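These notes concern the structure reproduced below.
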Amino acid sequence: MIKYIIRRLLISIPVLLGITMITFAAYNLAPGDPISAMIDPSVPVPPEVLQRMKEDLGLNKPIAVRYVIWLKEAAHGNLGFAYNSNTPVLKKIGDRLPATLALTISAMLLAISLGVPLGVYSALRQYSTLDYVLTLFAFVAVSVPAFFFALGAIYIFSVRLGLFPVQGLRNPDAPNQVVDFLHHLILPATVLGLERIAGFLRYTRSAVLEVLGQDYMTTARAKGLAERVVLWGHGFRNALISMITIITLSLPGLFGGAFVIEWIFAWPGMGQLAVMSVNMRDYPTLMGIALISSTLVLLSNLLADILYAAADPRIRYS
Numbered sequence: 306m307i308k309y310i311i312r313r314l315l316i317s318i319p320v321l322l323g324i325t326m327i328t329f330a331a332y333n334l335a336p337g338d339p340i341s342a343m344i345d346p347s348v349p350v351p352p353e354v355l356q357r358m359k360e361d362l363g364l365n366k367p368i369a370v371r372y373v374i375w376l377k378e379a380a381h382g383n384l385g386f387a388y389n390s391n392t393p394v395l396k397k398i399g400d401r402l403p404a405t406l407a408l409t410i411s412a413m414l415l416a417i418s419l420g421v422p423l424g425v426y427s428a429l430r431q432y433s434t435l436d437y438v439l440t441l442f443a444f445v446a447v448s449v450p451a452f453f454f455a456l457g458a459i460y461i462f463s464v465r466l467g468l469f470p471v472q473g474l475r476n477p478d479a480p481n482q483v484v485d486f487l488h489h490l491i492l493p494a495t496v497l498g499l500e501r502i503a504g505f506l507r508y509t510r511s512a513v514l515e516v517l518g519q520d521y522m523t524t525a526r527a528k529g530l531a532e533r534v535v536l537w538g539h540g541f542r543n544a545l546i547s548m549i550t551i552i553t554l555s556l557p558g559l560f561g562g563a564f565v566i567e568w569i570f571a572w573p574g575m576g577q578l579a580v581m582s583v584n585m586r587d588y589p590t591l592m593g594i595a596l597i598s599s600t601l602v603l604l605s606n607l608l609a610d611i612l613y614a615a616a617d618p619r620i621r622y623s
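Counting the sequence shown from 1 gives a position; our numbering is that position plus 305.
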């Protein structure tokens with residue numbers, strides 16, 4: 306297993322190189338440039354000043370040369386400086402990454418703790434009224450865009466009922482900062498996890514229904530095992546493989562969804578930083594966000610393989 310993990314980490318290096326290469330080209334070939342975003346359009350600027358600004362930022366060099374320079378610096382742990390504030394990119398991302406991780410991890414834990422048990426219960430009570438209700442909820446939650454739920458949740462629970470803060474991470478004047486942070490976290494994490502709850506519910510229901518019809522389930526019951534042992538020891542364990550796949554593959558979508566939720570809830574995470582950086586054409590910050598996000602996704606795929614082996618002893622990696 307250790308050799309397999311090392312090999313996977315080594316394979317991830319060219320994958321990251323490909324991602325950064327495509328991302329760097331896409332950002333730098335997009336319409337607009339950082340200089341126009343940094344100056345006031347109502348104030349005339351001499352062409353020689355604009356040219357000097359481009360030279361200071363290295364924007365006068367070809368894209369391929371700029372990418373090689375960025376790659377060399379990134380290999381030494383330097384992701385450059387933000388164009389608009391001259392702040393190190395690593396510091397900007399480091400200040401925002403904990404907020405994004407708190408939001409995404411909370412949403413994922415909420416989705417697993419609700420979606421998986423509801424999916425199992427729905428499968429065991431197939432064609433019941435609750436099964437139909439849960440299935441309808443799953444289809445609605447998957448079909449409706451997350452920003453619609455976000456705006457609706459803000460209007461109902463924040464504006465009308467006043468139960469949760471409208472935006473932000475915390476209130477500096479709150480007597481208990483931990484409780485205040487959780488109070489701010491509940492609404493955006495719930496909205497972000499809503500689609501995942503529905504997805505896990507559907508896939509868990511399908512996986513459990515497929516397992517319930519297998520011959521080994523009938524054999525286990527014929528041996529006189531208790532129904533609880535049959536369902537959880539044999540059924541749920543065999544359904545766990547496909548569920549691990551769905552859960553781990555949903556992580557990239559969760560990071561992407563967090564960008565939208567962070568912007569709506571003014572959550573000071575990487576998503577909000579990414580939107581602001583796009584508006585400012587802040588390429589170094591965008592490249593840093595792309596690199597960190599890609600690394601997290603690749604690590605989640607590696608985690609999936611490790612969980613496969615833990616869930617099914619037949620799976621071995623050499």
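Quick reminder that beta carbons are idealized off the backbone N, C-alpha and C, glycines included.
Everything numeric in this text was worked out from a predicted model, so none of it was measured.
Use the C-beta contact count for residue i: other C-beta atoms within 10 angstroms, 16 or more gives buried, fewer gives exposed.
i, result
"Arg357", "exposed"
"Phe444", "exposed"
"Arg460", "Reading off the sequence, residue 460 comes out as Tyr, not Arg. It counts as exposed."
"Trp375", "buried"
"Arg507", "buried"
"Val535", "buried"
"Ala531", "exposed"
"Thr434", "exposed"
"Gly540", "buried"
"Leu423", "buried"
"Leu591", "buried"
"Ser427", "buried"
Mind reading off the beta-carbon distance from residue i to residue j? Whole number of angstroms is fine, and I expect it under 8 Å.
i, j, result
"Arg501", "Ser555", "6 Å"
"Met522", "Val421", "Actually they are not in contact, since the Cβ atoms of Met522 and Val421 sit about 19 Å apart, beyond 8 Å."
"Ala595", "Thr325", "7 Å"
"Pro339", "Tyr388", "5 Å"
"Ala404", "Pro573", "5 Å"
"Leu607", "Arg313", "5 Å"
CA-CA distance, residue i and residue j?
i, j, result
"Leu429", "Val438", "14 Å"
"Ile546", "Thr524", "21 Å"
"Gly518", "Val425", "14 Å"
"Leu402", "Ala512", "34 Å"
"Leu441", "Arg526", "32 Å"
"Leu408", "Gln577", "13 Å"
"Leu612", "Phe560", "20 Å"
"Leu362", "Ala615", "49 Å"
"Lys308", "Ile318", "16 Å"
"Ala331", "Lys366", "16 Å"
"Asn463", "Val394", "Going by the sequence as given, residue 463 is Ser instead of Asn. Rounded to the nearest angstrom, the two C-alpha atoms are 34 Å apart."
"Arg542", "Leu406", "29 Å"
"Leu474", "Thr550", "32 Å"
"Ile410", "Ile311", "25 Å"
"Ile398", "Pro346", "29 Å"
"Asp520", "Ser599", "41 Å"
"Phe486", "Asn476", "8 Å"
"Gly538", "Gly529", "14 Å"
"Ala583", "Asp436", "Ala is not the amino acid found at residue 583; the sequence shown has Val there. Going by the C-alpha atoms only, they are around 44 Å apart."
"Leu601", "Ala379", "16 Å"
"Asn481", "Thr392", "31 Å"
"Pro589", "Pro351", "26 Å"
"Lys377", "Leu364", "17 Å"
"Val320", "Pro557", "15 Å"
"Ser390", "Lys359", "16 Å"
"Val354", "Phe564", "35 Å"
"Leu490", "Ser605", "23 Å"
Going by Cα to Cα distance, which pick from the options is closest to residue i?
i, options, result
"Leu315", "Ile611, Leu603, Ala609, Leu612", "Leu603"
"Val373", "Gly529, Ala479, Tyr388, Leu322", "Leu322"
"Glu515", "Pro367, Val447, Gln431", "Gln431"
"Ile368", "Val354, Asn476, Gly593, Ile327", "Ile327"
"Gly504", "Asp520, Asn543, Gly538, Leu419", "Leu419"
"Gly457", "Leu364, Leu499, Met585, Gly538", "Leu499"
"Arg586", "Met343, Leu474, Ile310", "Met343"
"Ala609", "Met581, Thr553, Ala563", "Thr553"
"Asp400", "Ser390, Met581, Met575", "Met575"
"Ala562", "Val447, Val483, Lys377", "In the sequence on display, residue 562 carries Gly and not Ala. The shortest Cα separation from Gly562 among Val447, Val483, Lys377 belongs to Val447."
Exercise. Could you tell me whether the segment 559-575 touches the segment 446-456, using the rule of 3 or more Cβ pairs below 8 Å?
Key: yes
Quiz item: Any contact of the segment 489-506 with the segment 409-419, i.e. 3+ C-beta pairs under 8 Å?
Solution: yes
Exercise. Please confirm if the segment 469-479 is in contact with the segment 383-400, defined as three or more CB-CB distances below 8 Å between the two stretches.
Key: no
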